[in-house]
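In the working numbering, the protein residues as written are 112 to 861.
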């Protein structure tokens with residue numbers, strides 16, 4: 112990847128970039144160009160051909176830089192994790208020897224003291240409880256353990272230095288730039304380049320070292336006080352990882368690792384206007400002058416309501432100045448409800464997956480959104496090939512295996528449709544069509560209005576090398592990698608956003624992406640997640656963007672609650688509010704916080720990129736601190752409500768149950784290759800994930816239609832089925848859907 116980057120730069124592409132003024136059009140041409148092969152491009156006139164190629168080269172340079180940063184990040188994480196595992200294993204192995212050594216030294220010390228106090232003429236009396244050999248061995252064991260404690264992790268980490276050097280000498284030549292305060296790191300990179308080129312023979316005495324992690328300090332200097340270059344360089348490599356995450360170091364020519372403010376809105380078309388100040392108006396938020404009063408008023412109001420309701424049920428109590436919680440009862444499931452669910456499950460007739468898709472398409476016409484990017488007419492037997500291609504991706508069979516399972520459809524036909532018709536924008540449009548029309552079904556409104564949603568990640572194994580792949584020991588052990596499919600699910604069970612993510616970062620990064628990029632008629636106003644989906648910064652951003660964030664927080668009783676007025680009496684909750692949120696800082700940064708929120712709303716950059724910068728910049732950056740303190744205020748308000756409002760707890764639990772139950776459906780559909788991804792390319796993985804969501808929504812639509820018909824028939828027969836009970840009936844039974852076998856057995860005309 113480094114070789115590709117420098118080859119691309121050597122073409123002189125940098126000189127052309129300044130002539131292009133519309134990033135959106137540049138990105139559009141890049142996406143067009145990547146679909147064509149060399150033969151296709153040769154057929155275009157020179158102006159169009161070179162415009163496509165220039166945009167392709169410029170965008171590819173951005174992507175290469177992003178990939179290089181991710182690869183360095185993953186490699187440093189890997190060697191840190193493996194070194195830590197080796198270090199901890201050595202500690203465990205030495206712990207028994209160390210304990211035995213301590214016992215020997217203590218016994219010998221007692222004997223020595225006794226010998227000194229009594230008759231110390233006979234040396235043999237010292238060794239009456241142990242031998243001299245055993246004592247010396249104990250001292251050696253203690254020295255080994257001491258060395259391991261002081262520098263063991265650093266020594267193990269430094270064993271990876273030779274493999275680091277294989278790419279790091281070239282990696283440091285990328286065009287890094289520093290945010291204010293990170294100049295020592297840039298200076299160190301420049302010194303390292305001079306050392307590698309031979310222009311500098313040794314490190315100067317004043318070389319920056321303040322960034323070197325403490326684990327490497329014991330070996331940073333040799334006995335003469337000279338800096339050990341390899342240790343210093345390893346320190347640079349580790350610090351680079353963290354600095355690029357936080358934005359203290361950036362690459363202006365990259366896509367996602369640019370300076371933080373370059374990720375946000377920066378052009379209103381009216382230079383004389385103050386963009387941050389206008390952002391609050393655009394979002395319908397109070398001005399900076401009003402923010403303190405409104406935040407204080409809303410906070411005090413929620414405290415008063417919570418005080419009035421506290422103790423209304425047995426869920427929460429305060430004992431010895433600590434919060435005590437009782438587990439909520441399980442959601443009610445009456446015998447009548449279970450019987451009705453059994454009737455529904457057994458009444459849904461078995462149907463092959465291709466027949467289900469055709470039936471849903473007759474109602475929704477979702478297939479009309481699959482148009483060629485070239486604008487050419489549809490090939491022969493297009494409809495059958497299109498559905499077969501969607502099924503090949505959703506079931507994980509792939510086009511090769513699918514071509515053997517569909518009479519009259521060749522692998523070339525499948526590949527042609529996959530290449531020309533199935534891509535992100537067509538899949539999003541088709542999926543939105545199904546979601547929108549499902550939203551109009553009468554039974555959908557029984558389950559919800561579409562104003563409540565939840566999000567969660569589902570893990571799948573992956574066999575190929577991928578930048579997304581990471582170890583997930585909880586389910587896949589320490590030797591198998593996995594990726595996550597992060598979905599946003601409405602209270603009507605429909606999936607309105609799908610994103611493939613790594614299992615390494617916190618899921619909270621991706622909460623806002625699905626809400627902000629939603630292209631359906633659903634307009635969620637309330638959103639819930641489990642513990643992995645929340646951070647205080649997400650609380651703050653949801654508040655600024657107009658969403659009510661309602662996570663289910665594990666270890667709720669241990670959560671720190673914050674006050675906003677240090678001298679105010681918060682009644683029964685005063686013992687829990689032992690810390691104060693910095694409202695002054697929130698007001699100070701209010702215009703900039705609103706500016707960030709407006710930039711997210713207008714999709715200037717992916718939300719997870721901005722959120723990750725804010726999370727990694729805390730606590731050094733005042734803006735990140737302000738978001739955190741606002742989040743603490745909003746989180747405290749929410750927790751007080753959660754403790755005292757059974758309806759809220761019920762709503763959160765029920766919606767999360769819908770999302771978790773839905774996870775069973777993708778497992779049923781995505782059956783081939785043991786349900787594991789076999790390719791590493793992001794676009795290919797994303798195509799499969801999106802097709803899986805589309806098929807899931809098609810099954811939901813078919814189920815909702817037929818369950819409504821069943822309920823209507825039962826009511827006509829005199830059965831009394833209230834909507835309240837009906838709202839607890841799952842719309843996602845799936846075992847009647849047959850996803851495997853030979854497809855399109857009956858001949859289907861195009």
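Each residue gets a CB set at the ideal place from its N, CA and C atoms; glycine is no exception.
Cβ neighbours of residue 182 in the same chain (closer than 8 Å, five flanking residues each side left out):
Locating residue 182 in the chain shown gives position 71, where the first residue counts as 1. Around residue 182: 112, 578.
Between which residues of its own chain and residue 215 is the CB-CB distance below 7 Å, once the five residues before and five after are set aside?
Sequence index remark: in the chain shown, residue 215 carries index 104 (1-based). 241, 245, 246, 249.
Is it buried or exposed, residue 710, if we count other Cβ atoms within 10 angstroms and call 16 or more buried?
Taking the first residue of the chain shown as position 1, residue 710 is located at position 599. With 16 or more other CB atoms across the displayed protein chains lying within 10 angstroms of its CB, residue 710 is buried.
Provide the residue(s) that pair with residue 674 in DSSP beta bridges, ordered along the chain.
By one-based count along the chain shown, residue 674 stands at place 563. Answer is 691.
Ignoring anything shorter than 3 residues or poking outside the region 578-632, list the beta strand (DSSP E) runs there in chain order.
Correct list: 592-601, 606-613.
Nearest to residue 165 (by Cα), restricted to the options 178, 197, 131, 188:
For the purposes of this step, residue 165 is identified with residue 54 of the chain shown, where counting begins at 1. Closest by alpha carbon: 131.
Taking the continuous beta strand (DSSP E) assigned at residue 639, which residues delimit it?
Translated into positions along the chain shown, residue 639 becomes position 528. Start and end: 637-639.
Using the DSSP secondary-structure output, state which residues sit across from residue 516 in a beta bridge.
Along the chain shown, read from residue 1 onward, the residue named residue 516 stands at position 405. Checking the DSSP bridge columns, you'll see residue 516 has no partner listed.
Under the rule that 16 or more other beta-carbon atoms within 10 Å means buried, what is residue 381, buried or exposed?
Within the chain shown, the letter at position 270 stands for residue 381. Because residue 381 sits at a pLDDT of 39, beneath the cut-off of 50, its placement in the model cannot be relied upon, and the following sentence gives the value as read from the coordinates. Flag for residue 381 reads exposed.
Local conformation of residue 572 per DSSP, three classes
The residue you call residue 572 lines up with position 461 of the chain shown. Annotated three-state conformation of residue 572 is strand, per DSSP.
I need the DSSP call for residue 555, collapsed to helix, strand or coil.
For this step, residue 555 is matched to residue 444 along the chain shown. Helix, per DSSP.
For the beta strand (DSSP E) that contains residue 428, what are its first and last residues?
The residue given as residue 428 occupies position 317 in the chain shown. It spans 427-430 - the beta strand (DSSP E) in which residue 428 sits, taken as one unbroken run.
Specify the secondary structure class of residue 380 as computed by DSSP and reduced to three states.
Taking the chain shown and counting its residues from 1, one reaches residue 380 at position 269. With a pLDDT of 40 at residue 380, under the threshold of 50, the modelled position of this residue cannot be trusted; read the value that follows with caution. In the structure shown, residue 380 sits in coil (DSSP, three-state: anything other than H, G, I, E or B).
Can you tell me where the beta strand (DSSP E) with residue 435 in it begins and where it stops?
By 1-based counting over the chain shown, the position of residue 435 is 324. In the DSSP assignment, residue 435 falls within the beta strand (DSSP E) that extends over 433-436.
Compare the C-alpha of residue 266 against each of 497, 197, 831, 223 and name the closest.
On the chain shown, residue 266 is found 155 positions in, with the first residue counted as 1. Of the listed residues, the one whose Cα sits closest to residue 266 is 197.
Boundaries of the alpha helix (DSSP H) in which residue 116 is found, first to last residue:
Numbered from its first residue, the chain shown carries residue 116 at position 5. Following the DSSP letters along the chain, one finds residue 116 inside the alpha helix (DSSP H) bounded by residues 113-120.
Express the C-alpha separation of residue 481 and residue 800 in angstroms, rounding to a whole number.
Numbered from its first residue, the chain shown carries residue 800 at position 689. Numbered from its first residue, the chain shown carries residue 481 at position 370. Residue 800 and residue 481 have their C-alpha atoms spaced approximately 17 Å apart.
Taking all protein chains shown into account, decide if residue 855 is buried (16 or more other Cβ within 10 angstroms of its Cβ) or exposed.
As a position in the chain shown, residue 855 is number 744, starting the count at 1. Residue 855 is buried by the Cβ-count criterion.
When the Cα atoms are used, what is the spatial distance from residue 521 to residue 786?
Position 410 of the chain shown, counting from 1, holds the residue named residue 521. Position 675 of the chain shown, counting from 1, holds the residue named residue 786. So the two alpha carbons sit approximately 24 Å from each other.
Under 8 Å: do the region 537-551 and the region 564-583 share three or more Cβ pairs, one atom per stretch?
No, the region 537-551 does not touch the region 564-583.
Excluding the 5 residues preceding and the 5 following residue 328 in the sequence, name in chain order all residues of the same chain whose CB lies nearer than 6 Å to its CB.
On the chain shown, position 217 is the one that residue 328 refers to. Around residue 328: no qualifying Cβ.
Count the other C-beta atoms from every protein chain shown that fall within 10 angstroms of the C-beta of residue 405, then say buried if there are 16 or more, exposed otherwise.
As a first step, residue 405 must be located in the chain shown, where it is residue number 294. Counting the other CB atoms within 10 Å of its CB gives residue 405 a total below 16, which places it among the exposed residues.
Inspect the beta-carbon positions of residue 724 and residue 358 and report whether they are closer than 9 Å.
Position 613 of the chain shown, counted from the first residue, corresponds to residue 724. Position 247 of the chain shown, counted from the first residue, corresponds to residue 358. Yes; because the gap between Cβ atoms is below 9 Å, this pair is in contact.
Backbone secondary structure at residue 788 - three-state DSSP
Position 677 of the chain shown, counting from 1, holds the residue named residue 788. When DSSP states are grouped into helix, strand and coil, residue 788 belongs to the strand group.
In whole angstroms, what is the alpha-carbon distance linking residue 818 and residue 453?
For the purposes of this step, residue 818 is taken as the residue at position 707 of the chain shown. For the purposes of this step, residue 453 is taken as the residue at position 342 of the chain shown. Rounded to the nearest angstrom, the two C-alpha atoms are 12 Å apart.
Tell me which same chain residues have a C-beta within less than 7 Å of the C-beta of residue 511, skipping the five on either side of it?
Stepping through the chain shown from its first residue, residue 511 is reached at position 400. Result list for residue 511: 522, in chain order.
Burial state of residue 190 (16 or more Cβ within 10 Å)
To locate residue 190, count along the chain shown from 1; it is residue 79. Classification of residue 190: buried, given that the 10 Å Cβ count is 16 or more.
Going by the beta-carbon positions, is the gap between residue 735 and residue 606 smaller than 9 Å?
Sequence index remark: in the chain shown, residue 735 carries index 624 (1-based). Sequence index remark: in the chain shown, residue 606 carries index 495 (1-based). Residue 606 sits away from residue 735, with the two beta carbons spaced by 9 Å or more.
One question on the structure: do residue 338 and residue 506 come within less than 9 Å of each other, judged by their Cβ atoms?
Along the chain shown, one-based indexing puts residue 338 at 227. Along the chain shown, one-based indexing puts residue 506 at 395. Taking a C-beta distance under 9 Å as the contact criterion, residue 338 and residue 506 do not qualify as a contact pair.
Based on the DSSP secondary-structure assignment, which residues constitute the bridge partners of residue 373?
Looking up residue 373 in the chain shown gives position 262. Residue 373 is not bridged to any residue.
Does residue 128 pass the burial test, meaning 16 or more other C-beta atoms within 10 Å, or should it be called exposed?
Here residue 128 is taken as the residue at index 17 of the chain shown, counted from 1. Around the beta carbon of residue 128, fewer than 16 other beta carbons sit within 10 angstroms, so the residue counts as exposed.
Going by DSSP, which residues form a beta bridge with residue 565?
Here residue 565 is taken as the residue at index 454 of the chain shown, counted from 1. The partner list for residue 565 (beta bridge, DSSP) reads 600, 639.
With which residues is residue 870 paired in a DSSP beta bridge?
Residue 870 falls outside the range modelled here, since the chain spans only 112 to 861, and no answer is possible.
For residue 163, does the three-state DSSP call read helix, strand or coil?
As a working note, residue 163 is residue 52 in the chain shown. Helix at residue 163.
Which residue from 738, 543, 280 puts its Cα closest to that of residue 476?
Taking the first residue of the chain shown as 1, we reach residue 476 at position 365. Nearest to residue 476 by alpha-carbon distance, out of 738, 543, 280, is 543.
Strictly by DSSP, which residues pair up with residue 659?
For the purposes of this step, residue 659 is identified with residue 548 of the chain shown, where counting begins at 1. The secondary-structure analysis by DSSP pairs residue 659 across a beta bridge with 637.
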